[in-house]
Amino acid sequence: MTEMYNQARKFAKLNIEPYAAEIDKQKEFPKEIFQKIGEEGYFGLLIPEELGGMGKTLEAHADVTRAFAESSATVALCYMMHNVAVNCIMYGKEELKKRICKDIIENQSFVALANSEFGTGVHFWLPELELEFKENEVIFNGSKSMVTSASYASYYFVNATSESGTDVDNWLVPLKSEGLDFVMSDWNGVGMRGNASCPMTFTNLKLSKEWKSSEDGKGSEQSFNAGVPFFLTGLAAVYTGLSTNILQEAVNHSKNRVYSGGQALCEVETIQTHLSKIYASTNASVASIYQATDSFLAGEDDALIKIISARLFATETVLDNAKLGMRIGGGKAYNKNGAMERLLRDAYAGQIMAPSADILHIWLGKLITGQPLF
Amino acid sequence: MYKTYEEAKVFAKEFIAPFAKKSDDEAIFPVESFQKMGEKGYFKLLIPEEYGGLGKGMEEHSQVCMAFAEESATAGLCYMMHNVGLNCILTYGSDELKEKIYKEVIENKKFLALAYSEFGTGTHFYKPEIKVNYTADGVVLNGTKSMVTSAKQAAYYLVLIPAKEEGKINNWVVPLETDGVTFTDQAWRGMGMRGNVSSPMVLKDVTLDNFYQIGAEGSGMEQVFHAVAPLFIVGLASVYTGACLQLSEEATSYAKKRIYPDGQALCEIETVQIHLSRIYTMANAAKQTTRDAAKSAVNGDEDALLKILSARIFASESAIECSRLAMRIGGGKAYNKVGNFERILRDSFAGQIMAPSVDVLITWLGKSVAGIPIP
Numbered sequence: 001m002t003e004m005y006n007q008a009r010k011f012a013k014l015n016i017e018p019y020a021a022e023i024d025k026q027k028e029f030p031k032e033i034f035q036k037i038g039e040e041g042y043f044g045l046l047i048p049e050e051l052g053g054m055g056k057t058l059e060a061h062a063d064v065t066r067a068f069a070e071s072s073a074t075v076a077l078c079y080m081m082h083n084v085a086v087n088c089i090m091y092g093k094e095e096l097k098k099r100i101c102k103d104i105i106e107n108q109s110f111v112a113l114a115n116s117e118f119g120t121g122v123h124f125w126l127p128e129l130e131l132e133f134k135e136n137e138v139i140f141n142g143s144k145s146m147v148t149s150a151s152y153a154s155y156y157f158v159n160a161t162s163e164s165g166t167d168v169d170n171w172l173v174p175l176k177s178e179g180l181d182f183v184m185s186d187w188n189g190v191g192m193r194g195n196a197s198c199p200m201t202f203t204n205l206k207l208s209k210e211w212k213s214s215e216d217g218k219g220s221e222q223s224f225n226a227g228v229p230f231f232l233t234g235l236a237a238v239y240t241g242l243s244t245n246i247l248q249e250a251v252n253h254s255k256n257r258v259y260s261g262g263q264a265l266c267e268v269e270t271i272q273t274h275l276s277k278i279y280a281s282t283n284a285s286v287a288s289i290y291q292a293t294d295s296f297l298a299g300e301d302d303a304l305i306k307i308i309s310a311r312l313f314a315t316e317t318v319l320d321n322a323k324l325g326m327r328i329g330g331g332k333a334y335n336k337n338g339a340m341e342r343l344l345r346d347a348y349a350g351q352i353m354a355p356s357a358d359i360l361h362i363w364l365g366k367l368i369t370g371q372p373l374f
Numbered sequence: 375m376y377k378t379y380e381e382a383k384v385f386a387k388e389f390i391a392p393f394a395k396k397s398d399d400e401a402i403f404p405v406e407s408f409q410k411m412g413e414k415g416y417f418k419l420l421i422p423e424e425y426g427g428l429g430k431g432m433e434e435h436s437q438v439c440m441a442f443a444e445e446s447a448t449a450g451l452c453y454m455m456h457n458v459g460l461n462c463i464l465t466y467g468s469d470e471l472k473e474k475i476y477k478e479v480i481e482n483k484k485f486l487a488l489a490y491s492e493f494g495t496g497t498h499f500y501k502p503e504i505k506v507n508y509t510a511d512g513v514v515l516n517g518t519k520s521m522v523t524s525a526k527q528a529a530y531y532l533v534l535i536p537a538k539e540e541g542k543i544n545n546w547v548v549p550l551e552t553d554g555v556t557f558t559d560q561a562w563r564g565m566g567m568r569g570n571v572s573s574p575m576v577l578k579d580v581t582l583d584n585f586y587q588i589g590a591e592g593s594g595m596e597q598v599f600h601a602v603a604p605l606f607i608v609g610l611a612s613v614y615t616g617a618c619l620q621l622s623e624e625a626t627s628y629a630k631k632r633i634y635p636d637g638q639a640l641c642e643i644e645t646v647q648i649h650l651s652r653i654y655t656m657a658n659a660a661k662q663t664t665r666d667a668a669k670s671a672v673n674g675d676e677d678a679l680l681k682i683l684s685a686r687i688f689a690s691e692s693a694i695e696c697s698r699l700a701m702r703i704g705g706g707k708a709y710n711k712v713g714n715f716e717r718i719l720r721d722s723f724a725g726q727i728m729a730p731s732v733d734v735l736i737t738w739l740g741k742s743v744a745g746i747p748i749p
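These protein sequence lines are chains A and B, in that order.
Going by the numbering used here, the residue at position 93 of the first sequence is 93; the numbering climbs one at a time, nothing skipped.
Going by the numbering used here, the residue at position 80 of the second sequence is 454; the numbering climbs one at a time, nothing skipped.
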C-alpha cells in the first residue's frame, strides 16, 4: 500500500470510524468530519502545488477515497465527488480555477456534483435544465434530482445545455445564489445515508458568465476527460473500501462467535469458504484499481476500459460480499447488531449510481469491440 | 388444481396487501390480516374435516404461504409457522390436547407459533439448552428462546426442551398466559420481516402439566424431522418464492411505467429486458420446484427430502438475486425507498439465515445426495 493510503487510513480510523454508525442512524451529512478533512488538507489533494494544494494524481484520489471508505462509504463518496469536481475545474477556465482553489485552500470549502435529473435518470449527460442566455448573465430554471452533500458544499458543479444547443456547458453554482433551493425531505436512501442527496431546484437563478467552468460548448469534453476517469475510479475505490470493511467485519464476527460446544464460527468449513471468497474478491478489487490508475497515468489507450472494469468489478462484488457477510452474521446481523447490515445497505448504491452498472456494461462491451459510445 | 392458491391470492390482495407497508414501517404484527385469516378459515387449513377443519395438507399449505407472501413475506412467514406448529399437534398430540387446540383454533381463531431457536446454539435449533425439571405432573422450565416469531400475538408456542434421557428432546406447548412467560420488548430490530415481531421468550419457573407434552417421551427429534421440517422447509420455500413472484410482477410493471423524456420506456431497453427475464425465470423455477417438492412429500417419494431442501435453498437464494436485480431496475427511486422493492429486498435477506440456514441446508443436501446421514 502507498504512503498516501496509510496516512488516510490513520486519519479515517481516528476521525471517521468512530462516527460511521451514527452518521447512518441520523441520516445526516457528516459536517464535523468534513471540517477535519479540510483542515488536514485533503480538499486540496488534486490542486496543483503552486496553487497551494498537494498536487496529487488519480492514484492518490483512489487511495484516499478507499481508505476513507473502509471506515464509512458515505463519507468517502461525498469526498470523492469533491475531488471529481476539483479535477474538472482544474481542466476548465483559468480565472475560475484560481478563484475556487483559493477558496478551497484558505477556507476549506468543498464542491459537490449536481448532474442527474429526474427525467433522464442515470443518463446524466442529457441535461434538461433550462437556461436563458443574456448579455452578461444566464438565468437557470429547473432541477437536478440527486445532489450529494446538498446544502453543505459551497459550490455545485452543474451541467446544462450550451448556448448553441449542440453541446453541454459546466457551471459552478455557489451555495449562496438566490433562487437555489434544496428539497432535503426527499432523501430517504436505503444506505449511504450521510450523503444528504436530494433534489436541488433553480428558480430564476441568475449567474454571471464568470461562473462557467468549461470553454463554450466544451462541457462534454471537460466531463469526459477530467470528470469521468476520476468519478469512475472514485466509485471503484468507495466500493472496494466497503468490501474491505465487510471482510474485516466478517472475519471478526466469525472469530468471536463461539457456539455452546466451544467451536468458533470460523472453524466451520462453509464459513471458511465464504471468508475466502470475500477476501479473494476484495483483493482483486484493490488490484484492479491500481492497474487502472497505473494505466491512466501512463496514458495507455485502454485506460478507460480498465477504469470501467474496476468500477464494475468493485460494485458488483461488493454486493456478493455483503450477501455473504450477512450470511456469516446470521440472525445477529439481520437484527442489526454490528455494522454488517449498514454495509449491505451502502453496497446497494453501487449498481445504480450514475453511470449505472448496466450502462457501464454496455459501454465496456462497446469499447472492447471498438464501437463508439454514443 | 391450484384453486387454493388462486383463492389465497384473492384473499391476500384484499386483506394482506393493505397492511404490508404499515407493518414494515412500524415493525408491527399485521393484526388485521391475521384476524381475517382466522375468520376466513385459514388457521384450520390442516385440521381434519371430521374435527371441523379444512382437511388440507402440504400442497395447500405451500400454496397459501406462497400467495400470502406475494403481498407480504412477513405475513406469509408468521402464517406458515402456525401451520407447522399445528401439524405437530395433529400428528403427535394426545386426543385431549388436540381437542383443546382445535377448539381454540376453529372457534376462537387462535393461532400458534414456534419457539425453537436459542442464543447458544443459533441456527442449530434442535439442540436445546433450556433447563428442565421433570416433576410427577409435568415440567418446570427455565431459560430463554432467542427468536420467537409472532411473539405475544400467538396464543400457543411450541418449545423444544431436553428430554429425560440425555441427548433426546421433547416438544411441548406453552400457552401465552402461563405464569413466568415473558417476552423481551424491543429486541426485534430486524432489517426486514419486520411484521414478525420476533423477540426472545423468557421462561422463568414455567410450570406445565403433562397435558401440554406433544407425543411420547423423547420423541422430539422424530417430530422435528417428520412433522416440523418438511412443512417448515417447504413453507420457507413458498414464502421466498412468493417474494420472487412479487418482485417479478412489480419489476415488470415499473419497467413499463418508467418513461424517459424521449418517450422510451425502461422495458424497451435490452439490458432491462434481460433483468426482467432473469427475475421471471428464477421466480417461475422457484414456484415449480416448490410445488414439485410439496407433491413429492405428499406422495412419499424416496427423494422428497432432497427436493424439499433444494426448493428451500433455491427459493431463498433466488429471492436475494431477484431483489438485487429489481433494485437495479428500480434505480435511484427504489434506492430512495419509493415503491416496494427495498422492503422485499430486506425481507429476502432473512431467507439465507433463518434456521436451518441455507449454509446448513446446503451441507445437509450435499450429505443427502451422497447418502450420508444428517445432521
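Where is the CB? At the ideal position from N, CA and C, for every residue including glycine.
Please read these numbers as outputs of a predicted model, since none were measured by experiment.
Just the chain A side, please: which residues come within less than 8 Å of residue i by C-beta, in chain order?
| i | result |
| --- | --- |
| Ala724(B) | Tyr334 |
| Trp562(B) | Asn335 |
| Arg702(B) | Gln351, Ile352, Ser356, Ala357 and Asp358 |
| Met455(B) | The contacting residues do not exist; Met455(B) stays about 15 Å from chain A at best. |
Using only alpha-carbon positions, find the residue among the options that is nearest to residue i.
| i | options | result |
| --- | --- | --- |
| Ser276(A) | Ala250(A), Glu40(A), Asn256(A) and Asn83(A) | Ala250(A) |
| Arg257(A) | Ala693(B), Phe493(B) and Leu420(B) | Phe493(B) |
| Ile736(B) | Ile607(B), Asp666(B) and Thr645(B) | Ile607(B) |
| Met455(B) | Ala529(B), Thr626(B), Glu691(B) and Tyr634(B) | Ala529(B) |
| Lys505(B) | Met521(B), Ala537(B), Thr523(B) and Glu481(B) | Ala537(B) |
| His274(A) | Leu324(A), Gly44(A) and Arg311(A) | Leu324(A) |
| Val571(B) | Leu532(B), Val602(B), Ser524(B) and Val548(B) | Ser524(B) |
| Ile375(A) | Lys707(B), Phe723(B) and Lys483(B) | Outside the shown range of chain A (1 to 374) lies residue 375(A), about which nothing can therefore be said. |
| Ala443(B) | Thr509(B), Gly609(B) and Val732(B) | Gly609(B) |
| His82(A) | Gln35(A), Ser149(A) and Glu128(A) | Ser149(A) |
| Gln726(B) | Ser684(B), Glu716(B), Gly713(B) and Phe715(B) | Ser684(B) |
| Tyr425(B) | Asp469(B), Lys542(B) and Ala441(B) | Asp469(B) |
| Thr57(A) | Cys88(A), Ser71(A) and Glu267(A) | Cys88(A) |
| Gly564(B) | Ala310(A), Cys101(A), Tyr279(A) and Gly330(A) | Gly330(A) |
| Ser214(A) | Thr161(A), Val183(A) and Gly194(A) | Thr161(A) |
Give the interface partners of residue i over in chain B, defined as CB-CB distance under 8 Å, in chain order.
| i | result |
| --- | --- |
| Thr201(A) | None at all; the shortest Cβ gap to chain B is about 17 Å. |
| Lys31(A) | Going along chain B, no residue has its Cβ under 8 Å from Lys31(A), so there is no contact; the nearest lies around 22 Å. |
| Arg327(A) | Gln726, Ile727, Ser731, Val732 and Asp733 |
| Ile362(A) | Thr645 |
| Gly365(A) | Within 8 Å Cβ-Cβ: nothing; Gly365(A) doesn't reach chain B, min ~10 Å. |
List, in chain order, every chain B residue whose beta-carbon is nearer than 7 Å to that of residue i.
| i | result |
| --- | --- |
| Met146(A) | Gly706 |
| Tyr348(A) | Met701 and Tyr709 |
| Lys323(A) | Ile694 |
| Asn188(A) | Asn710 and Lys711 |
Taking C-beta pairs closer than 7 Å, name the residues in chain A that residue i reaches, listed in chain order.
| i | result |
| --- | --- |
| Arg698(B) | Leu319 |
| Glu503(B) | Ser260 |
| Met565(B) | Tyr334, Lys336 and Glu341 |
So is the beta-carbon of residue i under 6 Å away from any non-hydrogen atom of the ligand FMN?
| i | result |
| --- | --- |
| Leu232(A) | Absence of the ligand FMN from the depicted structure is noted, as is the absence of any ligand whatsoever, leaving it without description. |
Assuming the contact rule is C-beta atoms closer than 8 Å, residue i and residue j should be a hit. Round their C-beta distance to whole Å, please.
| i | j | result |
| --- | --- | --- |
| Gly594(B) | Asn545(B) | 5 Å |
| Asn159(A) | Asn170(A) | 5 Å |
| Thr317(A) | Thr233(A) | Their Cβ separation, rounded to whole angstroms, is 16 Å, which puts Thr317(A) and Thr233(A) out of contact at 8 Å. |
| Phe296(A) | Ile307(A) | 6 Å |
| Tyr654(B) | Ser622(B) | 5 Å |
| Glu433(B) | Val672(B) | 6 Å |
I want to verify the contact list: residues of chain B whose CB lies under 9 Å from the CB of residue i, in sequence order.
| i | result |
| --- | --- |
| Gly370(A) | Going along chain B, no residue has its Cβ under 9 Å from Gly370(A), so there is no contact; the nearest lies around 20 Å. |
- Query: According to a CB-to-CB cut-off of less than 9 Å, which residues of the segment 715-742 of chain B neighbour chain A?
  - Reply: Listed by position, the residues of the segment 715-742 of chain B near chain A (Cβ gap below 9 Å) are Glu716, Leu719, Arg720, Phe723, Ala724, Gln726, Ile727, Met728, Ala729, Ser731, Val732, Asp733, Val734, Ile736 and Thr737.
- Item | Every unbroken alpha helix (DSSP H) inside the segment 37-108 of chain A [4 residues or more] | Here the runs fully enclosed are 58-69, 73-91 and 94-107.
- Task: Entirely within the segment 158-230 of chain A and at least 4 residues each: give me those alpha helix (DSSP H) ranges in chain order.
- Result: Fully enclosed alpha helix (DSSP H) runs of 4 or longer: 219-222.
- Task: Identify each residue in the segment 644-656 of chain B for which the Cβ-Cβ distance to at least one residue of chain A is less than 7 Å, and report them in chain order.
- Result: Cβ proximity to chain A below 7 Å picks out Thr645 from the segment 644-656 of chain B.
- Which whole runs of the alpha helix (DSSP H) in the segment 547-618 of chain B are 4 residues long or more, in chain order? Given a length threshold of 4 residues, each whole run of the alpha helix (DSSP H) inside the segment 547-618 of chain B is given here in chain order: 594-597.
- Could you give the uninterrupted runs of the alpha helix (DSSP H) lying entirely in the segment 640-679 of chain B, keeping only those of 4 residues or more? The segment 640-679 of chain B contains these whole alpha helix (DSSP H) runs: 644-673.
- Item | Contact residues within the segment 521-541 of chain B, judged by C-beta distance below 7 Å to chain A | Answer in chain order: Met521.
- Relative to chain B, which residues along the segment 270-284 of chain A have a C-beta separation below 7 Å, given in chain order? Within the segment 270-284 of chain A, the residues whose Cβ lies closer than 7 Å to some Cβ of chain B are Thr270, listed in chain order.
- Item | Secondary structure, alpha helix (DSSP H): runs of 4+ residues fully inside the segment 417-446 of chain B | Qualifying alpha helix (DSSP H) stretches, in chain order: 432-443.
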